[in-house]
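So the structure is just underneath, and the comments pick up after that.
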Amino acid sequence: QQPVQSPQAVILREGEDAVINCSSSKALYSVHWYRQKHGEAPVFLMILLKGGEQKGHEKISASFNEKKQQSSLYLTASQLSYSGTYFCGALLSYNQGGKLIFGQGTELSVKP
Amino acid sequence: NAGVTQTPKFRVLKTGQSMTLLCAQDMNHEYMYWYRQDPGMGLRLIHYSVGEGTTAKGEVPDGYNVSRLKKQNFLLGLESAAPSQTSVYFCASSSRSTVNTGELFFGEGSRLTVL
Chain A
29 QQPVQSPQAV
39 ILREGEDAVI
49 NCSSSKALYS
59 VHWYRQKHGE
69 APVFLMILLK
79 GGEQKGHEKI
89 SASFNEKKQQ
99 SSLYLTASQL
109 SYSGTYFCGA
119 LLSYNQGGKL
129 IFGQGTELSV
139 KP
Chain B
8 NAGVTQTPKF
18 RVLKTGQSMT
28 LLCAQDMNHE
38 YMYWYRQDPG
48 MGLRLIHYSV
58 GEGTTAKGEV
68 PDGYNVSRLK
78 KQNFLLGLES
88 AAPSQTSVYF
98 CASSSRSTVN
108 TGELFFGEGS
118 RLTVL
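Residue numbers (my numbering), protein chains in the order written: chain A, 29 to 140; chain B, 8 to 122.
What follows is the structure in structure tokens.
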């Protein structure tokens, strides 16, 4: 039931782009993206609702493909501050009462 | 502005001991959650609450109990701790109006070691 993220880890040079994928075996109502820096609490990035809507946050954007039950997070022109672990959270229905289930995480390291 | 506060931040237990983790939020949020984080496993939902006096099981509820007697507090209990419960525990909260369209606010985490 836990969403599957890929890749598990990625190393970038500053200015490079990256894509993180999140797939579910079950139909999704919404997908939530969080970033966690080492030793800190996860912080909300964005949410995508059913409908294939694409959202943006600075140079970070995401898409949601309902047919494939997949979401992708796009990091453009990466900065050192983008380093951390990215988690996608899946909500299966509106009536799930906020039961947000997270993937295993993707560790992103941005080097100078 | 405290947000979500977890107590204690660190704890070492012996197998079989019991303990309670306290989560307090000052944002008047309806929903509260307990997650555990283990390397390679991500954040796994233990229990959650959709309002004062209510609780529900998440993905990995076995070995844990919870209570939500007051809206601002969500307690996580371990009756008989096991080494498999060594983990970092995160509490989170969200408002009723944004639970499905908005964000979870996380506490700083509580690191528990069971020997």
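Every residue, glycine too, gets a C-beta built ideally from N, C-alpha and C.
All figures in this text were calculated on a predicted structure; none of them were measured in a lab.
Listed along chain B is no residue with a C-beta nearer than 7 Å to that of Gly112/A; the closest approach is about 13 Å. Excluding its 5 nearest sequence neighbours in each direction, Lys78/A has C-beta neighbours in its own chain below 8 Å: Leu56, Tyr57, Ser58, Phe92 and Glu94, listed in chain order.
Taking C-beta atoms as the reference points, Ala37/A and Thr134/A count as a pair closer than 8 Å.
By the criterion of a C-beta distance shorter than 6 Å, Ser51/A is surrounded in its chain by Val32 and Gln98, once the five residues flanking it on both sides are discounted. Collapsing the DSSP output to three states places Ser87/B in coil.
With a cut-off of 8 Å on Cβ pairs, the segment 17-25 of chain B is in contact with the segment 85-102 of chain B, counting three or more such pairs. With a threshold of 8 Å between beta carbons, Lys127/A makes contact with chain B. Residue-level contact by beta carbon holds for Glu115/B and chain A, with a gap shorter than 8 Å. The beta carbons of Gln29/A and Lys54/A sit closer together than 8 Å. Nearest neighbour of Ser94/B by Cα position, chosen from Ser117/B, Gly58/B and His36/B, turns out to be Ser117/B.
Comparing C-alpha distances from Ala90/A to each of Leu136/A, Arg41/A, Ala46/A and Val138/A shows the shortest one belongs to Ala46/A. Uninterrupted beta strand (DSSP E) stretches at least 3 residues long and entirely within the segment 36-63 of chain B occur at 38-45 and 49-56, given in chain order. Of the residues assessed, Ala31/B falls on the buried side of the cut-off, its CB having 16 or more other CB atoms within 10 angstroms. Residue pairing from DSSP places Met26/B in a beta bridge opposite Leu85/B. Listed along chain A are Lys127 and Ile129, each with a C-beta nearer than 9 Å to that of Gly65/B. When DSSP states are grouped into helix, strand and coil, Leu108/A belongs to the helix group.
Between Tyr96/B and Leu122/B, the C-beta spacing is not below 8 Å.
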